[in-house]
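Report on the structure given below.
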Amino acid sequence: MKQLLLSAIACPKCHGQLEYDKQHQQLVCQNDRLVYSIKEGIPVLLASEANSLNQSNCNKE
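For the sequence shown, the tail end lands on 61 under full-length UniProt numbering, and the numbers increase by one without skipping.
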């Protein structure tokens, strides 16, 4: 994901910054502990479609 796009989008719930998890192709909001998927190169930024960071396969270190 391009840095310019990443800097232009925000978490739809808290409007905070999202982190790009390249390995799992998803965006992570650390504030809300939510994970937003990226499907066919398009971020799905719907709070109703987000998964809990605890339930996702994201291994942030």
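Just so you know, even glycine gets a beta-carbon here, dropped at the ideal spot from N, CA and C.
Helix, strand or coil for residue i per DSSP?
i   : result
Q3  : helix
E40 : coil
E61 : With a pLDDT of 43 at E61, under the threshold of 50, the modelled position of that residue is not reliable, and no figure is offered here.
Count the other CB atoms within 10 Å of the CB of residue i; is the residue buried (16 or more) or exposed (fewer)?
i   : result
G16 : exposed
Q30 : exposed
Per DSSP, which one or two residues make a beta bridge with residue i?
i   : result
K13 : In DSSP, K13 forms no bridge with anything.
D21 : Q26
Are residue i and residue j closer than 8 Å when you measure CB to CB?
i   : j   : result
I9  : L45 : yes
L6  : Y20 : yes
Y36 : Q25 : no
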